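Participant:
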Amino acid sequence: MGIRCTRTGWGDKWRRSAIFKLLKRLWIPLLAIVVISAAAFTVSRLHTIFGSDKRATYADTQVNDTKPFDPKKLTYEVFGSPGTVADISYFDMNADPQFIKKVPLPWTLQFDITKTTAVGSIMAQGDSSNIGCRITVDNEVKAEKSSNQINAFTSCLLKAA
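Structure follows, in structure tokens:
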């Protein structure tokens, strides 16, 4: 048999044991990092293969191709016999209901429509035998009604201006 000669010093033994102790503690976190990195790489590759990275582009959408909006003038009118007094209910420019009492006729209210569409509604009841209402948009009559009866009542409705 031969003679085996091993040369081990305290320095090599200490280094080997320190590295093994370190690897003994860190091998699970290192393995987790490797697995997570591999999974992330695989998912990113699959995204490119199946085209989910390609987002829809809206380059063909024309943003500034809208027509300028020209505000319209909405006018409410209530008319009747001379000396007639009426109670009037209407929707204002914000579509809030308004009510006014004992208004001498003829009565007119005009305001600008600042939205692309609007609803106009007016109701009136007078103390005479005839009363009428009219809704105009830019001086074009859109709704008109009149009533001939005791304590006459009338209403006009504009569905879209």
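So for the sequence shown, the working numbering puts the first residue at 198; every next one is plus one. Ideal Cβ placement from N, Cα and C applies to all residues, glycine included. Here the structure is a predicted model, which means the values were calculated and not measured.
(1) When you compare only the Cα positions, how much space is there between Gln346 and Arg331?
(2) Is the Cβ-Cβ distance between Ser325 and Ala349 less than 9 Å?
(3) Once the 5 residues before and after Lys339 are set aside, which same chain residues still bring their CB inside 6 Å of it?
(4) Name the DSSP beta bridge partners of Asn327, please?
(5) From the DSSP secondary-structure annotation, give me the bridge partner or partners of Asp284.
(6) Just tell me which of Glu274, Ala215, Leu243 has its CA closest to the CA of Lys342.
(7) Beta-carbon separation of Met320 and Ser352 under 9 Å?
(8) Beta-carbon within less than 8 Å of Ile310's beta-carbon, same chain only, minus the 5 sequence neighbours each way: which residues are those?
(9) Can you tell me where the beta strand (DSSP E) with Arg309 in it begins and where it stops?
(10) For Thr281 and chain C, any beta-carbon pair shorter than 9 Å?
(11) Helix, strand or coil for Thr333, going by three-state DSSP, please let me know.
(12) In whole angstroms, what is the alpha-carbon distance linking Ser286 and Thr313?
(13) Which value, in whole angstroms, describes the spacing of the CA atoms of Phe276 and Pro303?
(14) Should Gly323 go down as buried or exposed, given a rule of 16 or more other Cβ atoms within 10 Å for buried?
(15) Grab the span of the beta strand (DSSP E) containing Pro294 for me, first residue to last.
(16) Measuring straight from C-alpha to C-alpha, what distance separates Ala235 and Phe217?
Facilitator: Quick look at the numbers:
(1) Between Gln346 and Arg331, the alpha-carbon positions lie close to 18 Å from each other.
(2) Going by C-beta atoms, Ser325 is nearer than 9 Å to Ala349.
(3) Cβ-Cβ distances below 6 Å link Lys339 to Ile332, Leu355 in the same chain, with the five nearest sequence neighbours on each side left out; the list follows chain order.
(4) Partner(s): Asn345.
(5) Note: Asp284 sits in a beta bridge opposite Gln322.
(6) Residue Glu274 is the option with its Cα nearest to Lys342.
(7) Yes, the pair counts as a contact, with Cβ atoms nearer than the cut-off.
(8) The residues are Pro268, Lys269, Lys270, Leu271, Met290, Val334, Ala358.
(9) Position check: residue 309 holds Asp in this sequence, whereas Arg was assumed. That run of the beta strand (DSSP E) goes 304-310.
(10) Of the protein chains in this structure there is only one, and it is not chain C.
(11) DSSP, reduced to helix, strand and coil, places Thr333 within a strand of the structure shown.
(12) Linking Ser286 to Thr313 through their CA atoms gives a straight-line distance of about 23 Å.
(13) So the two alpha carbons sit approximately 4 Å from each other.
(14) So Gly323 counts as buried.
(15) Segment 294-301, the beta strand (DSSP E) holding Pro294.
(16) Near 25 Å, if we compare the C-alpha coordinates of Phe217 and Ala235.
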